[in-house]
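Mapped onto mature numbering (1 follows the signal peptide of the UniProt record, and there is no 0), the consecutive letters of the sequence shown carry residue numbers -26 to -1, 1 to 424.
By construction, the Cβ of each residue, glycine as well, lies at the ideal position given by its N, Cα and C atoms.
Everything on this sheet refers to the single structure shown next.
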Amino acid sequence: MKLKLSLLSAAIFSTALFLSPTAVEAKLPIAVDGQSLPTLAPMLERVTPGVVSIRVSGAKEVRRRVDPFDYFFGNPQPRNQKRPFSGLGSGVIIDANEGYVVTNSHVIDEADKIIVTLKDGREFDAKLVGRDKESDIALLEIDADNLTEVKLANSDKLRVGDFSVAIGNPFGLSHTVTSGIVSALGRSGLNIEGYEDFIQTDAAINQGNSGGALVNLNGELIGINTAILGASGGNVGIGFAIPSNMMKNLVDQIIEFGQVRRGSLGIIGRTLDAGLAKAQDLEVQQGAFVMQVVKDSAASEAGIKANDVIVSLNGDDIQSFEELRGKIATIGEGRTIELGVFRDGRKRTIEVTLKGQGELQAQADKVHPMLRGAVLESGERNGNQGVIVSSIEERSPAARVGLEEGDVIMQVNRQRVKNIRDMSNLIEDIQGNIVLGIKRGRDSVFILIQ
């Protein structure tokens, strides 16, 4: 890289030896055949002040191997230790009056101090308003005047091939701009976040771009840059951004409630593919196939049935079960939506009012990785209200820690839980060991998760 930069500098210097400054300027055309050359400069001059650099610092707890000699000589050391860290990221001002800045949750994870730097060089201490780890969104607030906000676009109207521009702070190089196109929409199943509905772009995104802006040619925010796909951690032309509509749904809930209240449809299903469509003699080839409807859920109350195929949400096509799951979870509890459902050879529209996550049946690895292989359901069994293990895979992590089908999880570290939301919130805040208090038939059982 240094060699290439040196050669380029030399080439520019050599040209300057033979041409006067006036001659150099004359060689740069500003128009061709009377038409001005295209440029993104005017748009960027308006938008880049709305993109900020974020610097964080704090201390992370790390697990330490215990040296047996420490115990032998009577000098045992703690197994967990705090180590200082610092990091860089990006953010977008979405409300100039309130001083709201949106970024990725992983950018500010475990940070004790968050500093926001504007394009004009001003620095401010930021307050964390709220965040959602599962969708990787965080909302910050700064006390500042004369801010520039970035206008939001309707990301549901994006099309593959639309131009996109990424603005951020890669490797600490503030307000770096790259451009490309929207390569794909509705990307999910990447296991980057818990809820995924990504915009894919080939605009160059690198470390430090996280939380920055992905805008259209009008300078409107279409996404929050979040992740890249590449073996070395560098840009290979495959980047992912959280759609602006998804971000807004989450931020609105954080502002109103102080947290995200996830919407719950209450179905178990999978992505429809050609093999499943043929086996079920279906005339549609893509969508979310409903395998089971949870009792007393929003879906059951709205009349959705097993073997339905959900093909659209609020008029926008649904290509996979993961896309539907991500959108439903971020729309929010209590919201009313319209689902396009294919049943018995024809499409119908069904209106559904979403319930909260407390009624959601979920894969347990979304609560904790060591519970992978179990399906959890909020409910009551034999007079015991809590989180029911409705099914479990053999030889899965959940089975290895000791969970069994029919268990009712009633406590987390001696604190009462009544539903999946309670359990998730408690586990999210625990740094060390987790002890589940379980009712198994008439017996009380305690399971340790390390």
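Use the C-beta contact count for residue i: other C-beta atoms within 10 angstroms, 16 or more gives buried, fewer gives exposed.
i, result
"D255", "exposed"
"T327", "exposed"
"K34", "exposed"
"A158", "exposed"
"Q174", "buried"
"G213", "buried"
"G289", "exposed"
"I381", "A quick correction: the sequence has Asp, not Ile, at residue 381. Burial call: buried."
"G249", "exposed"
"S271", "buried"
"A(-16)", "Note that A(-16) has pLDDT 35, beneath the 50 cutoff, so the model's placement of it is unreliable and the number below is only indicative. Classification of A(-16): exposed, given that the 10 Å Cβ count is below 16."
"S60", "exposed"
"L422", "exposed"
"N219", "buried"
"residue 451", "Residue 451 is absent from the model: the chain starts at -26 and stops at 424."
"R374", "exposed"
"S418", "exposed"
"G232", "exposed"
Going by DSSP, which residues form a beta bridge with residue i?
i, result
"residue 425", "Summary: the structure shown does not reach residue 425, with the chain confined to residues -26 through 424, and so no result is reported for it."
"R309", "DSSP output for R309 lists no bridge partner at all."
"V189", "V139 and L195"
"I228", "Note: I228 sits in no beta bridge, so no partner."
"I179", "Beta-bridge pairing links I179 to no other residue."
"A112", "T77 and R105"
"Q62", "The identity of residue 62 in the sequence shown is Leu, whereas the question assumes Gln. For L62, which the question treats as bridged, DSSP gives the partners R29."
"I362", "E351 and V382"
"I423", "I408"
"V90", "I28 and F98"
"G314", "S286 and T323"
"N330", "Sequence check: residue 330 is Gly here, not Asn. G237."
Tell me which residue opens and which closes the alpha helix (DSSP H) that residue i is part of.
i, result
"D396", "I394 to E402"
"R20", "A15 to V21"
"G101", "This sequence places Lys at residue 101; Gly is not what is there. Segment K101 to D106 is the beta strand (DSSP E) holding K101; no alpha helix (DSSP H) there."
"V375", "P371 to V375"
"T239", "For the record, residue 239 in the displayed sequence is Leu; it is not Thr. Neither: L239 is in no alpha helix (DSSP H) and is coded neither H nor E."
"L250", "A248 to A253"
"A272", "A272 to A276"
Starting from residue i, follow the beta strand (DSSP E) in both directions and report where the run begins and ends.
i, result
"A348", "A348 to R355"
"G411", "I408 to R414"
"A158", "T150 to R161"
"E325", "R320 to T327"
"A262", "A262 to V267"
"S286", "V283 to L287"
CB-CB under 8 angstroms to residue i, same chain, minus the five flanking residues each way: which ones, in chain order?
i, result
"F420", "V409, L410, G411 and I412"
"N180", "P144, F145, I202, G208 and N209"
"V151", "L14, L18, T22, V139, A140 and I141"
"K321", "V285, G314 and V315"
Among the residues of its own chain, which have a CB less than 7 angstroms from the CB of residue i, if the five just before and after it don't count?
i, result
"Q260", "L246 and Q293"
"S398", "V341"
"G237", "I302, A303, I305, G306, E307, R309 and L328"
"G277", "I324"
"V391", "G360, V361, I383, M384, Q385, M397 and L400"
"A85", "V30, S31 and G32"
"A70", "L121, T122 and E123"
Which residues in the same chain have their Cβ closer than 6 angstroms to the Cβ of residue i, if we skip the five residues on either side of it in sequence?
i, result
"T122", "P23 and G24"
"E296", "S162 and G163"
"P58", "A33"
"D282", "V264, V315 and R317"
"N387", "V409"
"G154", "S138, T175, D176 and A177"
"I88", "V30, I82 and A100"
Count the C-beta pairs between the region 340 to 351 and the region 307 to 319 that are closer than 8 angstroms, then say yes if the count reaches three, no if not. no
Is it a yes or a no for the region 133 to 140 touching the region 220 to 229, going by three-plus beta-carbon pairs under 8 angstroms? no
Under 8 angstroms, with one C-beta from each stretch per pair, do the region 88 to 96 and the region 184 to 201 reach the 3-pair mark? no
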